[in-house]
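Chemist:
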Amino acid sequence: MAKIHSLQEAIRENVHDGDTVALEGFTHLIPYAAGHEIIRQKRRDLTLIRMTPDVLYDQMIGMGCVKKLKFSWGGNPGVGSLHRLRDAVEKAWPQPLEIEEHEHAGMAVAYAAGASHLPFGILRGYLGTDLLQHTTAKFIDCPFTGEKLAAVPAIRPDVTIIHAQKADRGGNVLLWGIVGAQKEAIMAATRSIVTVEEIVDKLDAPANSIILPGWILSAVVPVKHGAFPSYAHGYYARNNAFYKQWDGISKERESFLAWMEKHVMNTKDFDEYLQLLGMGGAQ
Amino acid sequence: MANTAESYTSDEMMTVAAARMLKNGTSCFVGIGLPSAAANLARLTHAPDTILIYESGTIGTKPNVLPLSIGDGELAETADTVVGIVEIFNYWLMGGKIGLGFLGAAQIDKFANINSTVIGPYGKPKVRLPGAGGAPAIAASCGEVLITLRHSPKAFVEKIDFRTSGGHMEGGDSRQKYRFPGKGPTAVITDLGVLTPDPVSKELILTSVHPGVTTEQVVAATGWKLQVAADVKTTPEPTALELQVLRDLNERTAKAHAGQA
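This is how it looks when you write it as structure tokens:
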């Protein structure tokens, strides 16, 4: 049964130096509050996994938390490059970053295989691309037809962290909208943390909703606005202006570090960070 | 040409020319940026029944403003249905349900293979780009593929630095040996004109130039020796309606994405 935790405690107990960590979310419901807490607690040598690393992973890479990144699309969507990711790949700053890149379809089947406790996922993919020389996909023959298919090793994170709309007091989590690979990533992981916008008495979810029962989760943590500047469908919109501003903040190492010091390292939690940005924080 | 607007930019011409390629009722898997603008322009003009699908799992989406990211809330709120990533890739895209894929690119070669991964050597990149995303699966699986990008010798190159997604591979019938389900790129729409693959060699041929653009200009903006069709056409100018709808869309979009962080 998931315990309802403080975020500090949930990260301290579940995320360790050297762990393989997936903070999933496909543009929507990015677990920013949890990522910031990992930065504050100065975790090191993490292998981060995510299909679409965006500004949060840029922050974690630039702050020296990460030794390896496994991903399939790394950018600031609609804006441009992730400058800290690029600086790490191109100039090894603040430390060298090993990358293992895939195509989305490959990451998707790898998560599904992880959730299914299978060694690999299969797809018609990677064929005819230069990705093959730089990733872990291999080809196998279909035992029934002989067709050549790509196999990608299952993703099995030590810990998966996601953000969702709400949980009940038993730690059962409900999420909706663009849900990405979150369910697969949770079910593929050894441990899991879910931050939620609110804890409610009853979920009132229609049948077939995406519910992650509390008994498969390690920790559930209420963090209002915990996905900012990403969004929580039904609660608040994506702050596209922040994503655009990030381009300027992150372009130079000095301005990036100054911003992170002020907003993350020198704030005690996500609520104080939101107040600093004039967001009002949790009311 | 009575309803032709007086002036327009080359980017507007590109988006209009790309939009016209979408047949009404097509299911279209849309990349973010230029393809998204063109696909929505098509939906708001001649192709109202076009089914737009974004890789975030939003199917039949009808955004009022262009999304900044592939997963903006606008896409989910206006969709017929929203499915997870495993489902969108496995059942819908690789499951062969999508008629048309619409992609952008950083580099393209004469056989319409595209690079969206890296400029320069992989291990020592000059420019590290976002990477593959859904593009390889879109290029392989959709019934056909349209590509739109701005024309320059840096983008249209003899040899792409990295093959992210397969087009007509080494040309001729070479795509067949990869057994991709879809037939591959059928047109490349740029700010200067339209290129289409030769039916036999599969090499991209300049088949249409936009008004005011010369074939020499397009040849000069192409990094390989570009073949020009014998009967190269001139793209019809944007109509007043096309321009108005596109400008309204861009204005609504700019307003929606502005503001304080």
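So the sequences go chain by chain: A and B. Numbered per this note's numbering, the first sequence finishes at 274, counting up by one with no gaps. Numbered per this note's numbering, the second sequence finishes at 1638, counting up by one with no gaps. Even glycine gets a Cβ: it sits at the ideal position worked out from N, Cα and C.
(1) Provide the residue span of the alpha helix (DSSP H) that contains L267(A), from first to last.
(2) Give a yes or no on contact between the stretch 157 to 172 of chain A and the stretch 125 to 138 of chain A, applying the rule of three or more CB pairs nearer than 8 Å.
(3) Quick one: is V1522(B) near chain A, going by C-beta distance under 8 Å?
(4) In this structure, what does DSSP give as the bridge partners for C1405(B)?
(5) Checking 8 Å against the spacing of the C-beta atoms, do I1447(B) and E1432(B) come in under that value?
(6) Could you confirm whether any beta carbon from chain A is found closer than 8 Å to the beta carbon of E1432(B)?
(7) Using three-state DSSP, classify Q274(A) as helix, strand or coil.
(8) Extract the residue ranges of the beta strand (DSSP E) inside the stretch 1495 to 1577 of chain B, only unbroken runs of 3 or more that lie entirely within it.
(9) Sort R1556(B), E1580(B), L1569(B) by Cα distance to T1563(B) and report the nearest one.
(10) How big is the Cα-Cα spacing for K1554(B) and G1548(B)?
(11) When the Cα of A99(A) is compared with those of P134(A), G171(A), R35(A), D78(A), which residue comes out closest?
(12) Mind the definition here: the stretch 50 to 58 of chain A touches the stretch 177 to 193 of chain A only if three or more C-beta pairs lie below 8 Å; say whether that holds.
(13) In or out: Y1468(B) buried (at least 16 other Cβ within 10 Å) or exposed?
(14) Closer than 8 Å, Cβ to any Cβ of chain B: which residues of the stretch 74 to 85 of chain A, in chain order?
(15) Would the beta-carbon of L1470(B) fall within 8 Å of that of A1514(B)?
(16) Please give the ranges of any alpha helix (DSSP H) in the stretch 165 to 222 of chain A, keeping only runs that are unbroken, at least 4 residues long and fully inside the region.
(17) With distance defined between alpha-carbon atoms, name the residue in A1414(B), D1486(B), I1430(B), V1596(B) nearest to C1405(B).
(18) Measuring only between beta-carbons, confirm whether T1392(B) sits less than 8 Å from chain A.
(19) Can you tell me the Cα-Cα spacing of S209(A) and K(-6)(A), whole angstroms?
(20) For G269(A), does the count of other Cβ atoms within 10 angstroms reach 16, so buried, or fall short, so exposed?
(21) Check whether chain B comes within 8 Å of P68(A), counting only Cβ atoms and requiring the distance to be less than that.
(22) Measure the CB-CB distance between V1565(B) and L1418(B) and report whether it falls below 8 Å.
(23) Can you tell me whether D1486(B) is helix, strand or coil according to DSSP?
(24) Between which two residues does the alpha helix (DSSP H) holding R3(A) run?
(25) Would V170(A) count as contacting chain B if we go by Cβ distances under 8 Å?
(26) For Q1604(B), report the span of its beta strand (DSSP E) as first-last.
(27) If contact is defined by three or more beta carbon pairs under 8 Å, each pair taking one atom from either stretch, is the stretch 1483 to 1499 of chain B in contact with the stretch 1527 to 1546 of chain B?
(28) Verify whether the separation of the beta carbon atoms of L165(A) and I131(A) is less than 8 Å.
(29) Mind checking whether the beta-carbon of I1537(B) lies closer than 7 Å to any heavy atom of the ligand MN?
(30) Mind checking whether F1557(B) and A1517(B) have CB atoms under 8 Å apart?
(31) Got a sec? Which residues, its chain only, sit under 7 Å from S1413(B) by beta carbon, not counting five neighbours each side?
(32) Using beta-carbon positions only, say whether G1511(B) and A145(A) come within less than 8 Å of one another.
(33) Looking at V1459(B) and T1435(B), is the spacing between their C-beta atoms short of 8 Å?
(34) Per DSSP, R244(A) is paired with what?
(35) Cβ of L1399(B) within 8 Å of Cβ of T1525(B)?
(36) If you count every other CB in all the chains shown that lies within 10 Å of the CB of K174(A), and 16 or more means buried, which is it?
Modeler: So, to answer that:
(1) Position 276 of the first sequence, counted from the first residue, corresponds to residue 267(A). Its alpha helix (DSSP H) spans residues 261 to 267.
(2) Here the stretch 157 to 172 of chain A does not lie against the stretch 125 to 138 of chain A, with fewer than 3 beta-carbon pairs under 8 Å apart.
(3) Within the second sequence, numbered from 1, the residue matching residue 1522(B) stands at position 145. Answer no: the Cβ-Cβ gap between V1522(B) and chain A never drops below 8 Å.
(4) Taking the first residue of the second sequence as 1, we reach residue 1405(B) at position 28. Bridge partners of C1405(B): L1429(B), L1477(B).
(5) For the purposes of this step, residue 1447(B) is taken as the residue at position 70 of the second sequence. For the purposes of this step, residue 1432(B) is taken as the residue at position 55 of the second sequence. At the C-beta level, I1447(B) and E1432(B) come within 8 Å of one another.
(6) On the second sequence, position 55 is the one that residue 1432(B) refers to. E1432(B) counts as touching chain A.
(7) As a working mapping, residue 274(A) is identified with position 283 in the first sequence. The predicted position of Q274(A) is uncertain, since its pLDDT is 37 and thus under 50; no value can be drawn from it.
(8) The qualifying runs are 1521 to 1525, 1562 to 1566, 1570 to 1574.
(9) Locating residue 1563(B) in the second sequence gives position 186, counting from the first residue. When each option's Cα is compared against that of T1563(B), the closest is E1580(B).
(10) Within the second sequence, residue 1554(B) is the residue found at index 177, counting from 1. Within the second sequence, residue 1548(B) is the residue found at index 171, counting from 1. When rounded, the separation of the alpha-carbon atoms in K1554(B) and G1548(B) is 11 Å.
(11) Taking the first sequence and counting its residues from 1, one reaches residue 99(A) at position 108. Looking at the Cα atoms, G171(A) is the closest of the given residues.
(12) No: fewer than three Cβ pairs fall under 8 Å.
(13) Mapped onto the second sequence, residue 1468(B) falls at position 91. Y1468(B) should be labelled exposed.
(14) Cβ proximity to chain B below 8 Å picks out L76, R77, V80, E81 from the stretch 74 to 85 of chain A.
(15) Mapped onto the second sequence, residue 1470(B) falls at position 93. Mapped onto the second sequence, residue 1514(B) falls at position 137. It is a contact, given that the beta carbons lie within the stated cut-off.
(16) With a minimum length of 4 residues, the continuous alpha helix (DSSP H) runs that stay inside the stretch 165 to 222 of chain A are 173 to 179.
(17) Residue numbering aside, residue 1405(B) sits at position 28 when the second sequence is read from its first letter. Residue I1430(B) is the option with its Cα nearest to C1405(B).
(18) Here residue 1392(B) refers to the residue found at position 15 when the second sequence is read from its first residue. Cβ-Cβ to chain A under 8 Å: no for T1392(B).
(19) Working through the first sequence from its first residue, we reach residue 209(A) at position 218. Working through the first sequence from its first residue, we reach residue -6(A) at position 3. Each residue's alpha carbon lies about 7 Å from the other.
(20) In the first sequence, residue 269(A) corresponds to position 278, counting from 1. Looking at its Cβ environment, which holds fewer than 16 other Cβ atoms inside 10 Å, G269(A) is exposed.
(21) One-based indexing of the first sequence puts residue 68(A) at position 77. Among the CB atoms of chain B, one or more fall inside 8 Å of the CB of P68(A).
(22) Sequence index remark: in the second sequence, residue 1565(B) carries index 188 (1-based). Sequence index remark: in the second sequence, residue 1418(B) carries index 41 (1-based). Cβ atoms of V1565(B) and L1418(B): not closer than 8 Å.
(23) What you label residue 1486(B) is simply residue 109 of the second sequence in a count that begins at 1. The three-state secondary structure of D1486(B), taken from DSSP, is coil.
(24) Residue 3(A) sits at position 12 when you count from the first residue of the first sequence. -2 to 5 is the extent of the alpha helix (DSSP H) around R3(A).
(25) By 1-based counting over the first sequence, the position of residue 170(A) is 179. Answer yes: the Cβ-Cβ gap between V170(A) and chain B drops below 8 Å somewhere.
(26) Residue numbering aside, residue 1604(B) sits at position 227 when the second sequence is read from its first letter. Note, Q1604(B): beta strand (DSSP E), 1604 to 1611.
(27) With the cut-off at 8 Å, the stretch 1527 to 1546 of chain B and the stretch 1483 to 1499 of chain B touch.
(28) Residue mapping note: residue 165(A) aligns to position 174 of the first sequence, counting from 1. Residue mapping note: residue 131(A) aligns to position 140 of the first sequence, counting from 1. Contact: no.
(29) Absence of the ligand MN is noted for the structure shown, with no ligands found whatsoever.
(30) Locating residue 1557(B) in the second sequence gives position 180, where the first residue counts as 1. Locating residue 1517(B) in the second sequence gives position 140, where the first residue counts as 1. Contact flag set, yes.
(31) Taking the second sequence and counting its residues from 1, the one referred to as residue 1413(B) is at position 36. Cβ neighbours of S1413(B) within its own chain (closer than 7 Å, five residues either side excluded): V1407, L1443, P1444.
(32) Against the second sequence, residue 1511(B) aligns to sequence position 134. Against the first sequence, residue 145(A) aligns to sequence position 154. No, the Cβ-Cβ distance between G1511(B) and A145(A) is not below 8 Å.
(33) In the second sequence, residue 1435(B) corresponds to position 58, counting from 1. In the second sequence, residue 1459(B) corresponds to position 82, counting from 1. A distance below 8 Å separates the beta carbons of T1435(B) and V1459(B).
(34) Looking up residue 244(A) in the first sequence gives position 253. Bridge partners of R244(A): none, in fact.
(35) On the second sequence, residue 1399(B) is found 22 positions in, with the first residue counted as 1. On the second sequence, residue 1525(B) is found 148 positions in, with the first residue counted as 1. T1525(B) is positioned such that its CB atom lies no closer than 8 Å to that of L1399(B).
(36) Stepping through the first sequence from its first residue, residue 174(A) is reached at position 183. The Cβ neighbour count for K174(A), taken over all protein chains shown within 10 Å, is at least 16; the residue is labelled buried.
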